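Colleague: Residue numbers (the working numbering), protein chains in the order written: chain A, 2 to 208; chain B, 570 to 790.
Beta carbons: idealized from backbone N, C-alpha and C, even for Gly.
Owing to the predicted nature of the structure, the values given are computational and were not obtained by experimental measurement.
#1: Is it the case that the Cβ atoms of residue 97 of chain A and residue 576 of chain B are separated by a distance below 7 Å?
#2: Roughly how many angstroms lie between the CA atoms of residue 594 of chain B and residue 628 of chain B, to the nearest whole one?
#3: Check whether the Cβ of residue 719 of chain B lies closer than 6 Å to any heavy atom of the ligand ADP, and answer yes or no.
#4: Are the beta-carbon atoms of residue 49 of chain A and residue 60 of chain A separated by less than 7 Å?
#5: What do you get for residue 204 of chain A, buried or exposed, if any count of 16 or more other CB atoms within 10 angstroms of its CB means buried?
#6: Nearest to residue 107 of chain A by CA position, among A:159, A:56, A:147, is which residue?
#7: Could you give the residue range of the beta strand (DSSP E) that holds residue 60 of chain A?
#8: Using the Cβ count rule (16 or more neighbours within 10 Å means buried), how would you classify residue 144 of chain A?
#9: Can you tell me the Cβ-Cβ gap for residue 38 of chain A and residue 644 of chain B, rounded? I've got them flagged as a contact below 8 Å.
#10: Are the Cβ atoms of residue 175 of chain A and residue 58 of chain A separated by less than 7 Å?
#11: Taking the DSSP output, what are the residues bridged to residue 6 of chain A?
#12: Can residue 139 of chain A and residue 31 of chain A be called in contact, C-beta distance under 7 Å?
#13: Should residue 755 of chain B be flagged as near chain A, meaning a C-beta pair shorter than 7 Å?
#14: Report the partner residues of residue 153 of chain A according to the DSSP bridge assignment.
#15: Using a Cβ-Cβ distance under 7 Å, would residue 576 of chain B count as near chain A?
#16: For residue 653 of chain B, return the contacting residues in chain A, with the cut-off set at a CB-CB distance below 7 Å.
#17: In the DSSP assignment, find the beta strand (DSSP E) that holds residue 198 of chain A and state where it starts and stops.
#18: Touch check for the stretch 672–683 of chain B and the stretch 647–655 of chain B: three-plus C-beta pairs under 8 Å?
#19: When you compare only the Cα positions, how much space is there between residue 578 of chain B and residue 779 of chain B?
#20: Using a Cβ-Cβ distance under 7 Å, would residue 78 of chain A count as near chain B?
#21: Looking at residue 766 of chain B and residue 748 of chain B, is the spacing between their C-beta atoms short of 7 Å?
#22: Just how far apart, CA to CA, sit residue 153 of chain A and residue 587 of chain B?
#23: Within 7 Å of any Cβ in chain A, is that where the Cβ of residue 644 of chain B sits?
#24: My assumption, with CB atoms under 8 Å, is that residue 781 of chain B sits in contact with residue 714 of chain B. Please give the rounded CB distance.
#25: For the beta strand (DSSP E) that contains residue 32 of chain A, what are its first and last residues?
#26: Starting from residue 77 of chain A and walking both ways along the beta strand (DSSP E), at which residues does that stretch end?
#27: Quick one: what does DSSP say residue 740 of chain B is sitting in, helix, strand or coil?
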């Protein structure tokens, strides 16, 4: 499985934000996207997922087989919003996304244990703090399987312990042959992580 | 898809009682008309079906603007759109419409016979009005979904949705009311307008969600 971006360009409201981005990620590879605010990190992720039309070039997901024919079907998109309903409990939210997304992976309870929220699964999502909301949204990545994770500032609002836990989850996903594109400043402590510095458009191996 | 239906119903019932607001608004409209028209019981029973239909139409437009906006505000809409390869987006919209109808429009249909009594309508007229409402109101929701999808990006889209949707619901209103009238006024046939009403609902059940899905795809920013 490979995620490929060829000469990818993105725009917001007719204004080009970035252009000429090329990369190819194979199984177990991670691309960290960094750059100043407004450099187009979120736009890049949305263009990759297909939520925004590409200004130029193309993004494609190859070798996904019948289950994952396109980037959209192969990815977990964790945006800056958590996509959870405040009126429903954490467990109900996750159970819904698991059933709706298909390809169930981990049990809801198990996923919540893994992000350290096992004891509050019965609370309405609206009662949680910012960091807890983010963590339950991260648990969404675990309840159904997707080879590609597109993460937009996944560590926003997390404390240091949860950040370390997130890094562990990302490392585990990579070692299982997953692919990650993350806009984050989180140090992963991983070998072979590539970085894409937005704003300068230069791709370098930082492993 | 069943999961989505159940989630939407659960939210519709839990989040602030949208169903009750709709029924109360419906009651307010019905209760105001006799004050405006005057205490002429014959006149009231004659225009009863029309009043019931207008009240139900306005009340069912109430919660429509939140149909997609709530999902957009918490980011769920992105994921629903991304799931397009597994669940066709138009089908997702259809399921959301059905759930919306069940949670906030079906109570109006159930309340309509009670409100018919307020308007001094004969039993046959009440039955016919309730039946035409049951068959016709889904069409309003399907048209409304297209309107809600167009206005999803606007912060104060509520009124715009109503203005966009109302003209498109006129055919539904015409055939709904004429079928209800026909049940009471003897020479008029009941079945032709009723069947056209049913056809309108089926037609809009296809066109509405497809149009809404198209609008939603281009609404992402």
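Modeller: Quick look at the numbers:
#1: yes
#2: 6 Å
#3: In the structure shown, the ligand ADP is absent, as is every other ligand, since no ligand is present at all.
#4: yes
#5: In this predicted model, residue 204 of chain A has a pLDDT of only 44, less than 50, meaning its place in the structure is not dependable; the value taken from the coordinates is given anyway. So residue 204 of chain A ends up on the exposed side.
#6: A:147
#7: 57–63
#8: buried
#9: The pair is not a contact, with the Cβ atoms about 20 Å apart (cut-off 8 Å).
#10: no
#11: A:24, A:60
#12: no
#13: no
#14: A:184
#15: yes
#16: 73
#17: 195–198
#18: no
#19: 22 Å
#20: yes
#21: yes
#22: 33 Å
#23: yes
#24: 4 Å
#25: 31–35
#26: 76–79
#27: helix
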